[in-house]
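For reference, the structure is listed below as structure tokens.
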Amino acid sequence: MPTIELNRVQNDYGFEAKDENGHLVKMDTSPESGGQNFGVRPMQMLLMGLGGCSAIDVLMILKKQRQTVRDYKMIIKGDRDEGKEPSLWKDITVEFHIYGDVDVEKAEKAVDLSLNKYCSVAATLMGSGTNITTATFVHK
Numbered sequence: 008m009p010t011i012e013l014n015r016v017q018n019d020y021g022f023e024a025k026d027e028n029g030h031l032v033k034m035d036t037s038p039e040s041g042g043q044n045f046g047v048r049p050m051q052m053l054l055m056g057l058g059g060c061s062a063i064d065v066l067m068i069l070k071k072q073r074q075t076v077r078d079y080k081m082i083i084k085g086d087r088d089e090g091k092e093p094s095l096w097k098d099i100t101v102e103f104h105i106y107g108d109v110d111v112e113k114a115e116k117a118v119d120l121s122l123n124k125y126c127s128v129a130a131t132l133m134g135s136g137t138n139i140t141t142a143t144f145v146h147k
């Protein structure tokens, strides 16, 4: 079972989270909430997790389809239900920028498979009511 150890390493809300392999992530809250901007906000980490999960899926699918990907970038933006507690992600927009000799239809299919079949982070977010929209761009 995956295990995360979280330790406070700065006054108030600065933390380091470490997985069982020793990989570290720094977290904090905003200065407006008493943080010191030491690390990523926990809710932003969900967006990062969505990006990482989907990126791995998309690149694996394109590799199996013998598509030549030279570079890859995602831009992920989210809107939360402000004023509610908890303030969940309401809408997330994901741009997939794929660089290389890649068929556009195969890229779009890979994105669809990732978000609607394989990516556990996307399934978790959508299960809580988050709407995820995408745009796929292939740059030759």
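When the letters of the sequence shown are read in order and numbered with my numbering, they come out as residues 8 to 147.
Think of the CB as a built atom: it goes at the ideal place given N, C-alpha and C, for glycine as much as any other residue.
Fair warning: this is a prediction, and the values are worked out from it, not measured in the lab.
Query                                                                                         : Result
Buried/exposed call for Ile139, threshold 16 Cβ in 10 Å                                       : buried
Minimum length 3: unbroken beta strand (DSSP E) runs contained in the region 21–90            : 21–26, 31–34, 75–87
Close beta carbons around Arg15, own chain, < 6 Å, minus the five adjacent residues each side : Phe22
Stretch pair the region 74–89 + the region 104–112: three plus CB contacts closer than 8 Å    : yes
Helix, strand or coil at Gly136 according to DSSP, with G and I counted as helix              : coil
Coil, strand or helix - Asp119 by DSSP                                                        : helix
Straight-line Cα distance separating Ile11 from Asp19                                         : 20 Å
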